[in-house]
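Read in order, the letters of the sequence shown correspond to residues 23 to 389 in this note's numbering. The beta carbon of each residue, even a glycine, is placed where N, CA and C say it ideally should be. See below for the structure under consideration.
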Amino acid sequence: MSESTAVDSSFVSKPLGTFEVHKYQVDGGMSFGSLMQLCGGLGFTGIILGVIAHFVGQFFWFIIIFPALIGLGVGLVGSGLIKKFRIRNPLICAIAGFAAGVFAMLTMHYMEYRSFNSSIESAVGSEEAAEIRYVAMHIDELSSDLENQPQDVQELVIGLKEDKAALRLFRIDSFPDFMDYQAEQGVELSGRAGQQGANLGYTGTIIYWLVELLIVACISFAMMRSAAAEPFCVDCHSWKEKAIFGPYRPEYEMLSELQSGHLSTLPLRSGDELIQAGDWTLGLWTCPNCQDQVPVDVYVQKVKLGENGEVTHDEIEKLTYPPEAFVPLHVACRSEEKNPVAVLEEKSTEVDSEQSDDQDDSETVQV
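This is the structure we're talking about:
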């Protein structure tokens, strides 16, 4: 689709007033108790997602996709907790989201370590596994004095020296050792049917793990940072609600007008017109409780059209208008709809009429 360049001669912009405007700033408020609740909730979420990822990974694992899903899960839960506990510090929330993503991936790998230990104990028995692990960890000392060791220890030492793979397995006695062993084995990528996949090797495996970790952590970081940065009403301590208006025709210099505070009606596209690249949209954040008693936050966006016609928006500017601009902003955005003031007056008239009818009915009954 091509951008619209023709100016609609039927549209006449009507000035609605001039207001003092400033850049939108995040509130940044939070309490220590809320932060602790957020961290606790994220820690629990990281454990749950890590456990689920571990069990799913026993059957199949889609690289990039699964880490992205884990990050999305952490981000969604974290954003919900941010809203619930009213935390508005983007940096703190972003760091908490990043840490939760890392914790989820570490939980997944730790569950693999636990599963590894369980498989060894189920194969040889827990007591035998402990004995073999002790011999493997002290094999050099025991070898130097092998003649004075019990017969079963001598056999274990000789057997482990002959079986290097078993010796390496039983020398794993901690989570870091297990991760080092896993890196030595290398992550193997699935190949095509009938073909063996490529092994990433030690260094490649560590890089692969770091990439997965960053995918999870960065997605949760970005989602929680965005959630905490949304407009908040400090008067009634509640989140503002967003309403999207537009699209507006690109030939109108809307950005400069909004930045200067000179409000006028906007050239809204009619219902039978297709949205075009370069069109404007506006997001008005208002408090559902305080209405015109608190400032209005305005998000200015520009429309982008992809190769397949998908519509996306680039956020160009964030502004804050004073409370007295509440009605003019809505009038400007709904330039082809009823004036909000008129709608309120109509509702008020309807209420007065209903009350009057009720009063007449009451008087009739008294008579």
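Sequence-distant residues of the same chain with beta carbon closer than 7 Å to residue i, five excluded per side
{"i": "residue 94", "result": "241"}
{"i": "residue 129", "result": "68, 69, 72 and 73"}
{"i": "residue 223", "result": "208"}
{"i": "residue 286", "result": "35, 36, 37, 38, 279 and 354"}
{"i": "residue 135", "result": "197 and 200"}
{"i": "residue 50", "result": "110 and 111"}
{"i": "residue 251", "result": "48 and 112"}
Backbone CA spacing between residue i and residue j [nearest angstrom]
{"i": "residue 347", "j": "residue 47", "result": "18 Å"}
{"i": "residue 255", "j": "residue 243", "result": "24 Å"}
{"i": "residue 115", "j": "residue 66", "result": "16 Å"}
{"i": "residue 190", "j": "residue 205", "result": "13 Å"}
{"i": "residue 57", "j": "residue 91", "result": "24 Å"}
{"i": "residue 247", "j": "residue 263", "result": "18 Å"}
{"i": "residue 174", "j": "residue 150", "result": "11 Å"}
{"i": "residue 2", "j": "residue 169", "result": "Residue 2 lies beyond the range of the chain shown here (23 to 389); nothing can be said about it."}
Whole-number beta carbon distance between residue j and residue i, since they are thought to touch under 8 Å
{"i": "residue 325", "j": "residue 269", "result": "6 Å"}
{"i": "residue 195", "j": "residue 155", "result": "6 Å"}
{"i": "residue 315", "j": "residue 350", "result": "Not quite, the Cβ-Cβ distance comes to about 15 Å (not below 8 Å), so this is no contact."}
{"i": "residue 179", "j": "residue 146", "result": "Not a contact, Cβ separation roughly 16 Å."}
{"i": "residue 322", "j": "residue 297", "result": "That pair is no contact at about 16 Å."}
Where residue i falls: helix, strand or coil (DSSP)
{"i": "residue 321", "result": "strand"}
{"i": "residue 347", "result": "helix"}
{"i": "residue 134", "result": "helix"}
{"i": "residue 35", "result": "coil"}
{"i": "residue 118", "result": "helix"}
{"i": "residue 327", "result": "strand"}
{"i": "residue 142", "result": "helix"}
{"i": "residue 304", "result": "strand"}
{"i": "residue 148", "result": "helix"}
{"i": "residue 44", "result": "strand"}
{"i": "residue 363", "result": "With a pLDDT of 40 at residue 363, under the threshold of 50, the modelled position of that residue is not reliable, and no figure is offered here."}
{"i": "residue 211", "result": "coil"}
{"i": "residue 273", "result": "coil"}
Start and end residues, alpha helix (DSSP H) containing residue i
{"i": "residue 203", "result": "197 to 207"}
{"i": "residue 231", "result": "223 to 250"}
{"i": "residue 299", "result": "Unbroken run through residue 299: none, as it is neither H nor E."}
{"i": "residue 89", "result": "87 to 107"}
{"i": "residue 266", "result": "No alpha helix (DSSP H) holds residue 266; the beta strand (DSSP E) holding it covers 263 to 270."}
{"i": "residue 178", "result": "173 to 184"}
{"i": "residue 288", "result": "Looking at the DSSP string, residue 288 is not in any alpha helix (DSSP H), and its letter there is neither H nor E."}
{"i": "residue 162", "result": "161 to 166"}
{"i": "residue 276", "result": "276 to 282"}
{"i": "residue 78", "result": "54 to 79"}
Spatial neighbours of residue i in its chain, beta-carbon cut-off 6 Å, leaving aside the 5 residues before and after
{"i": "residue 319", "result": "46, 253, 307 and 342"}
{"i": "residue 52", "result": "109 and 111"}
{"i": "residue 239", "result": "120, 123 and 124"}
{"i": "residue 245", "result": "97 and 101"}
{"i": "residue 334", "result": "326"}
{"i": "residue 192", "result": "154, 155 and 158"}
Contact with chain B by residue i, beta-carbon distance below 7 Å
{"i": "residue 199", "result": "Judged by its chain identifiers, the structure shown contains no chain B, having just a single protein chain."}
Same chain, Cβ closer than 8 Å to residue i, five either side skipped, listed in chain order
{"i": "residue 301", "result": "26, 268, 269, 270, 271, 272, 291, 324 and 325"}
{"i": "residue 18", "result": "No answer is possible for residue 18: it lies beyond the span of the chain, which begins at 23 and ends at 389."}
{"i": "residue 64", "result": "96, 99, 100, 103, 118, 119, 121, 122 and 125"}
{"i": "residue 369", "result": "Residue placement at residue 369 is poorly supported in this model, since its pLDDT is 46, which falls under 50; the coordinates are not used for a value here."}
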